[in-house]
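Everything on this sheet refers to the single structure shown next.
Number of protein chains: 4
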Amino acid sequence: MDATKPMTIQSGKSGIETFSCRIYYEDTDAGGIVYYANYLKYFERARTEWLRKQGVEQRSLQQTFNCLFVVRDVAIQYSKPARLDDVITIYTQVKKLGRASIVFHQQAMLKELALCQAKVTVCAVHAHTLRPTPLSAELYATLQHAGK
Amino acid sequence: MDATKPMTIQSGKSGIETFSCRIYYEDTDAGGIVYYANYLKYFERARTEWLRKQGVEQRSLQQTFNCLFVVRDVAIQYSKPARLDDVITIYTQVKKLGRASIVFHQQAMLKELALCQAKVTVCAVHAHTLRPTPLSAELYATLQHAGK
Amino acid sequence: MDATKPMTIQSGKSGIETFSCRIYYEDTDAGGIVYYANYLKYFERARTEWLRKQGVEQRSLQQTFNCLFVVRDVAIQYSKPARLDDVITIYTQVKKLGRASIVFHQQAMLKELALCQAKVTVCAVHAHTLRPTPLSAELYATLQHAGK
Amino acid sequence: MDATKPMTIQSGKSGIETFSCRIYYEDTDAGGIVYYANYLKYFERARTEWLRKQGVEQRSLQQTFNCLFVVRDVAIQYSKPARLDDVITIYTQVKKLGRASIVFHQQAMLKELALCQAKVTVCAVHAHTLRPTPLSAELYATLQHAGK
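Protein sequences appear in the order of chains A, B, C and D. The first sequence maps to residues 1 to 148 in this note's numbering. The second sequence maps to residues 149 to 296 in this note's numbering. The third sequence maps to residues 297 to 444 in this note's numbering. The fourth sequence maps to residues 445 to 592 in this note's numbering.
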């Protein structure tokens with residue numbers, strides 16, 4: 001990935017949510033930088049906040065709708081590391097909303113510096129059987145309005 | 149804590165279980181050493197293996213007995229750090245088995261070097277209400293035989 | 297611990313810092329509650345923010361002063377669990393500032409509900425040797441003003 | 445991904461390393477399954493053990509060769525979840541060894557069940573500058589013999 005050409009999700013279009021988080025000791029490793037798996041945590045925090053902004057909380061999703069979102073696919077490219085005390089920003093955009101899945105583009109930035117970017121596909125599954133299940137009409141309609 | 153005087157749990161008495169784990173990048177932080185909260189993970193892995201050795205798996209405990217063990221109290225002293233690639237050993241001993249709680253002494257060692265030690269109190273709770281619940285007579289009897 | 301009698305650090309006295317954090321999937325475990333070791337992460341985030349409020353960043357501490365704070369001792373009591381989507385608040389108070397160590401009282405609250413509380417002792421060590429080292433006079437003076 | 449058609453790395457060819465790990469509470473989340481980011485931890489443990497088998501330890505790599513391996517790119521597909529108490533096996537195979545990078549295929553299995561698979565590209569960087577750096581001739585020769 002060319003770190004000088006960040007994804008279009010930074011372009012300020014509507015429908016792009018931002019979420020910031022501070023890097024603490026827990027996030028770093030003995031290489032002195034953020035451990036690579038942790039960006040998946042930040043990306044999930046950001047998706048959860050995107051969902052909350054649509055009025056949907058994960059816990060009620062699970063308890064009321066018997067629905068969980070599980071990640072099916074991640075393609076992530078790392079270009080620059082973050083370090084202790086940095087404040088990074090996660091940009092999140094829905095690229096495709098299906099009846100049982102959502103494709104997100106997400107990017108972590110340190111100010112103007114692109115750290116990493118990912119395409120993440122999540123699927124709706126039944127909370128107990130974990131089988132794929134279409135979103136309820138109500139939930140689908142709610143999410144369709146997101147980013148408009 | 150005086151690192152030259154490790155706890156009695158190293159003394160080779162019966163009833164002391166050992167569990168070894170390797171230190172990976174995920175375990176370390178930007179200080180170059182194992183992040184302090186991670187020892188609580190190793191201690192729980194060791195308690196889980198102690199329990200498994202008594203024939204009890206956490207998942208069946210939850211599903212068959214509607215029982216979870218939750219940690220009520222931890223007192224931990226850190227004396228020396230572990231680092232990337234180290235193999236550390238956790239020594240685990242039951243100090244007190246109650247009807248609804250267990251007190252463990254646990255110690256992390258790097259060969260002869262004491263890294264940290266803890267007294268950990270876990271309580272049995274109902275898996276759904278999370279209210280304290282006595283161990284079933286069967287489970288209590290099983291655990292009473294441990295370490296004898 | 298009696299959850300109805302939280303520590304004095306909630307009493308609104310000066311010198312008590314608050315830090316809030318949201319509970320995400322990464323924080324929870326298959327018991328449906330926050331994994332016990334994670335509270336040590338939240339407590340460290342809160343101590344780091346306390347330090348930042350005194351004008352001291354961990355990274356500059358390490359790079360400029362060759363100093364790390366390492367945890368020497370934790371005594372933590374858990375009373376109630378937090379769950380997915382909760383926003384918890386960490387209260388942090390310095391109980392004792394020594395020449396090479398700091399004792400903190402910290403408490404995690406879910407609104408009015410006390411979740412857990414800890415006494416945490418951190419020591420200043422040299423960043424490379426990890427040997428105990430007194431705080432520089434400048435740093436000591438800075439921290440002495442905290443909470444006044 | 446079609447879980448019934450696992451990657452070729454299971455086919456028992458030479459050059460495929462296996463690494464097993466137990467799932468503990470720390471690995472799971474409130475959905476009752478292993479948290480998706482944690483598979484990247486298991487994959488790194490497995491790559492580290494692959495490297496160790498070639499006689500190379502990460503810590504000496506950093507201290508002797510001033511070299512770190514950092515992850516540049518991950519493409520991971522999740523098909524089935526693992527749960528508490530499961531023992532999963534990670535299969536690791538080098539697909540391409542470059543002068544400054546290595547491409548791995550990795551797969552997590554629960555017995556015969558494919559859980560997830562990933563293509564992971566790691567790059568060698570200088571331990572301090574984090575700039576890409578070719579592997580030393582000695583290290584390159586060592587790794588070339590791996591899997592032969």
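Glycine included, each C-beta is placed from N, C-alpha and C at the ideal position. All of these numbers come straight from a predicted model, not from anything done at the bench.
For this session: Can you pull the chain A residues whose beta carbon is under 8 Å from the beta carbon of E340/C, in chain order?
Result: From the beta-carbon of E340/C, the residues of chain A found nearer than 8 Å are Y24, Y25 and E26.
For this session: Keeping to the same chain, check which residues put their C-beta closer than 6 Å to that of A75/A; ignore five residues upstream and five downstream.
Result: Around A75/A, the same chain offers K119 as residues with beta carbons nearer than 6 Å, after the five sequence neighbours per side are excluded.
Problem set entry | Range covered by the beta strand (DSSP E) that runs through Y187/B | Annotation: Y187/B is outside any beta strand (DSSP E); the continuous alpha helix (DSSP H) that includes it extends over N186 to K201.
For this session: Pull up the distance between the alpha-carbon of L188/B and that of E493/D, whole angstroms please.
Result: C-alpha separation (whole angstroms): 24 Å.
Exercise. Do the region 193-211 of chain B and the region 58-69 of chain A touch if we need at least three Cβ pairs shorter than 8 Å?
Worked result: These segments do not touch.
Exercise. Do you know offhand how far Y486/D's Cα is from L411/C's?
Worked result: For Y486/D and L411/C, the distance between alpha carbons rounds to 31 Å.
Exercise. Would you say V219/B faces chain C, with C-beta separation under 8 Å as the test?
Worked result: Contacts with chain C at 8 Å (Cβ-Cβ) include V219/B.
Problem set entry | Neighbour list for L426/C in chain B, Cβ cutoff strictly below 9 Å | Simply G179, G180, I181, K228 and P229.
For this session: Check whether the Cβ of Q502/D lies closer than 8 Å to any Cβ atom in chain B.
Result: Taking 8 Å as the CB threshold, Q502/D lines the interface with chain B.
Exercise. Between Q225/B and chain C, is there a C-beta pair that is closer than 8 Å?
Worked result: Yes, Q225/B counts as interfacial toward chain C.
Exercise. Hey, does K201/B have any beta-carbon neighbour from chain C nearer than 8 Å?
Worked result: Interface criterion not met: the Cβ of K201/B is under 8 Å from no Cβ in chain C.
Exercise. What's the call for P430/C, buried or exposed, on a 16-neighbour Cβ count within 10 Å?
Worked result: By the neighbour-count criterion, in which a residue is buried when 16 or more other Cβ atoms sit within 10 angstroms of its Cβ, P430/C is exposed.
Problem set entry | Through-space distance from R193/B to C169/B, alpha-carbon basis | Distance from the CA atom of C169/B to the CA atom of R193/B, rounded to whole angstroms, is 9 Å.
Exercise. Who are the near neighbours of D233/B in its chain, counting only those whose CB is closer than 7 Å to its CB and skipping five residues on each side?
Worked result: Around D233/B, the same chain offers I171 as residues with beta carbons nearer than 7 Å, after the five sequence neighbours per side are excluded.
For this session: Return helix, strand or coil for S208/B, following the three-state DSSP convention.
Result: S208/B falls in the helix class under three-state DSSP.
Problem set entry | Proximity test, Cβ basis, 8 Å: T290/B and chain D | Between T290/B and chain D, the shortest Cβ-Cβ separation is not below 8 Å.
Exercise. Can you name, in chain order, every residue of its own chain whose Cβ lies under 6 Å from the Cβ of T385/C, other than the five neighbours on each side?
Worked result: Residues of the same chain with a CB within less than 6 Å of the CB of T385/C, apart from the 5 flanking positions on each side, are T314, S316 and M405 in chain order.
For this session: Consult DSSP for A414/C and reduce its assignment to one of helix, strand or coil.
Result: Shown here, A414/C sits in a strand according to DSSP, grouped into three states.
Exercise. Is any beta-carbon of chain C found at less than 8 Å from that of L541/D?
Worked result: No, L541/D lies away from the interface with chain C (no Cβ there is under 8 Å from its Cβ).
For this session: Anything in the region 251-265 of chain B with a Cβ closer than 8 Å to a Cβ of chain D? List those residues in chain order, please.
Result: Those would be none; no residue qualifies.
Exercise. Taking C-alpha atoms, which residue in V418/C, L393/C and A378/C lies nearest to E408/C?
Worked result: Residue A378/C is the option with its Cα nearest to E408/C.
For this session: Compute the minimum distance between the beta carbon of A420/C and the heavy atoms of the ligand MG, and state whether it is under 7 Å.
Result: The ligand MG is not part of this structure, which contains no ligands at all.
Exercise. Given D369/C, which residues of its chain have a CB within under 6 Å of its CB, disregarding the five upstream and five downstream residues?
Worked result: Sequence-distant partners of D369/C (beyond 5 residues in either direction) whose C-beta falls short of 6 Å from its own C-beta, in its chain, are T417.
Problem set entry | Where H145/A sits in the DSSP three-state scheme | DSSP places H145/A in the helix class (H, G or I) of the three-state scheme.
Problem set entry | Continuous beta strand (DSSP E) stretch holding V219/B: start and end | Start and end: C215 to Y226.
For this session: Can you tell me which of the three DSSP states E322/C falls into?
Result: Three-state result, E322/C: helix.
Exercise. By DSSP, does E138/A sit in helix, in strand, or in coil?
Worked result: Three-state result, E138/A: helix.
For this session: Please confirm whether G55/A and T142/A have their CB atoms less than 8 Å apart.
Result: Taking the C-beta atoms as reference points, T142/A is found nearer than 8 Å to G55/A.
Exercise. Is there a Cβ from chain A that is less than 8 Å from the Cβ of T448/D?
Worked result: Low confidence applies here, because T448/D scores a pLDDT of 40, under 50, leaving its location unreliable and the question unanswered by this model.
Exercise. E313/C by DSSP, collapsed to three states: which one?
Worked result: In the three-state reduction of the DSSP assignment, E313/C falls in the strand class, which pools E and B.
Exercise. On the three-state DSSP scale, how would you describe D446/D?
Worked result: The pLDDT assigned to D446/D is 40, lower than 50, so where the model puts this residue is not dependable; a value taken from the coordinates is nonetheless given after this. For D446/D, the secondary structure class from DSSP, reduced to helix, strand or coil, is coil.
For this session: Could you check what DSSP says for K111/A in three-state terms: helix, strand or coil?
Result: Reduced to three states, the DSSP call for K111/A is coil.
Exercise. Are any of the Cβ atoms in chain A nearer than 8 Å to that of Q158/B?
Worked result: Legend: pLDDT at Q158/B = 48, less than 50; position of this residue unreliable, no value from coordinates given.
Exercise. Under a Cβ-count criterion, where at least 16 other Cβ atoms within 10 Å of its own Cβ denotes burial, should A272/B be classed as buried or exposed?
Worked result: Label assigned to A272/B: buried.
For this session: Could you have a look at H446/C and say whether DSSP puts it in helix, strand or coil?
Result: No answer is possible for residue 446/C: the residues shown for chain C start at 297 and end at 444.
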